[in-house]
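Asker: Add 68 to the 1-based position in the sequence shown for the working numbering, that's all there is to it.
Quick reminder that beta carbons are idealized off the backbone N, C-alpha and C, glycines included.
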Amino acid sequence: MRRAVEMAVRNVRSGAGGPFAALVVADGRVVGEGTNRVTTTNDPTAHAEVIAIRSACRALETFQLRSCELYTTCEPCPMCLGAVYWSRIERIYFAASRADARVAGFDDEDMYDDLARPIAERRIEMIRIGTDAAAEPFEAWAALGDRIPY
Numbered sequence: 069m070r071r072a073v074e075m076a077v078r079n080v081r082s083g084a085g086g087p088f089a090a091l092v093v094a095d096g097r098v099v100g101e102g103t104n105r106v107t108t109t110n111d112p113t114a115h116a117e118v119i120a121i122r123s124a125c126r127a128l129e130t131f132q133l134r135s136c137e138l139y140t141t142c143e144p145c146p147m148c149l150g151a152v153y154w155s156r157i158e159r160i161y162f163a164a165s166r167a168d169a170r171v172a173g174f175d176d177e178d179m180y181d182d183l184a185r186p187i188a189e190r191r192i193e194m195i196r197i198g199t200d201a202a203a204e205p206f207e208a209w210a211a212l213g214d215r216i217p218y
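In structure tokens, the structure reads:
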């Protein structure tokens with residue numbers, strides 16, 4: 069965790085991004101790392117956790133990190149939690165809470181609240197356009213004999 073905190077401080081001081089860093093660890097060794105790059109890349113998905121997961125997946129040549137742990141300087145936001153779930157990381161260690169982040173101006177509480185609401189009540193309007201073809205991609209996937217499940 070100390071390494072992640074040092075990375076986050078260095079990231080801020082260098083002007084490279086926000087005060088967040090993350091490491092993916094497998095069998096006691098770092099296999100991926102990332103720092104926040106949202107403002108320098110103009111990419112709202114360039115959170116430290118997402119970058120660390122991408123780095124680990126490249127290093128391990130897999131999209132599943134089942135035997136890995138994530139060390140992150142702050143409790144992950146909903147997007148990063150989604151990435152953790154999809155990557156199958158087994159455990160998250162974090163330093164600061166989302167309440168700590170809120171004090172510093174990083175408030176994602178509205179996202180947590182919004183995701184708990186029914187789709188029709190969320191602040192971003194979601195409209196389903198049902199078509200006869202909506203199931204075709206899933207049918208093609210189910211028919212694919214050599215698919216890689218995830």
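So the candidates are 170, 120, 164 and 173; which of them puts its Cα closest to the Cα of residue 105?
Answerer: For the residues 170, 120, 164 and 173, the minimum Cα distance to residue 105 belongs to 120.
Asker: Three or more beta-carbon pairs under 8 Å between the stretch 155-163 and the stretch 118-133, yes or no?
Answerer: The stretch 155-163 vs the stretch 118-133: in contact.
Asker: What's the C-alpha gap between residue 171 and residue 142?
Answerer: If you take the alpha carbons of residue 171 and residue 142, they lie about 13 Å apart.
Asker: By alpha-carbon positions, which one of 183, 200, 95 and 198 ends up nearest to residue 192?
Answerer: It is 183 whose Cα lies nearest to the Cα of residue 192.
Asker: Rounded to a whole number of angstroms, what is the C-alpha to C-alpha distance between residue 81 and residue 73?
Answerer: Taking the straight line from one Cα to the other gives about 12 Å.
Asker: Classify residue 213 as buried or exposed, calling it buried when 16 or more other Cβ atoms lie within 10 Å of its own Cβ.
Answerer: Label assigned to residue 213: exposed.
Asker: When the Cα atoms are used, what is the spatial distance from residue 188 to residue 167?
Answerer: Distance between the alpha carbons of residue 188 and residue 167 is about 28 Å.
Asker: Could you check how far apart the C-beta atoms of residue 140 and residue 90 are, in whole angstroms? I think they sit under 8 Å.
Answerer: Confirmed, Cβ separation roughly 4 Å.
Asker: Taking the straight line between their C-alpha atoms, what separation do you get for residue 138 and residue 86?
Answerer: So the alpha carbons of these two residues sit roughly 18 Å apart.
Asker: Taking the CB atoms as reference points, tell me whether residue 144 and residue 117 lie closer together than 8 Å.
Answerer: The answer is yes: Cβ separation under 8 Å.
Asker: What's the call for residue 124, buried or exposed, on a 16-neighbour Cβ count within 10 Å?
Answerer: Buried, since its Cβ has 16 or more Cβ neighbours within 10 Å.
Asker: Put residue 105 into one of helix, strand or coil per three-state DSSP.
Answerer: Residue state, collapsed to three classes: coil.
Asker: Since residue 211 is in the alpha helix (DSSP H), which residue starts that stretch and which ends it?
Answerer: That run of the alpha helix (DSSP H) goes 204-211.
Asker: Suppose only complete runs of 4+ residues qualify. What are the alpha helix (DSSP H) ranges in the stretch 98-169, listed by chain order?
Answerer: Runs found: 106-109, 116-128 and 146-155.
Asker: Does the beta-carbon of residue 101 have 16 or more other beta-carbons within 10 angstroms, so that it is buried, or is it exposed?
Answerer: Residue 101 should be labelled buried.
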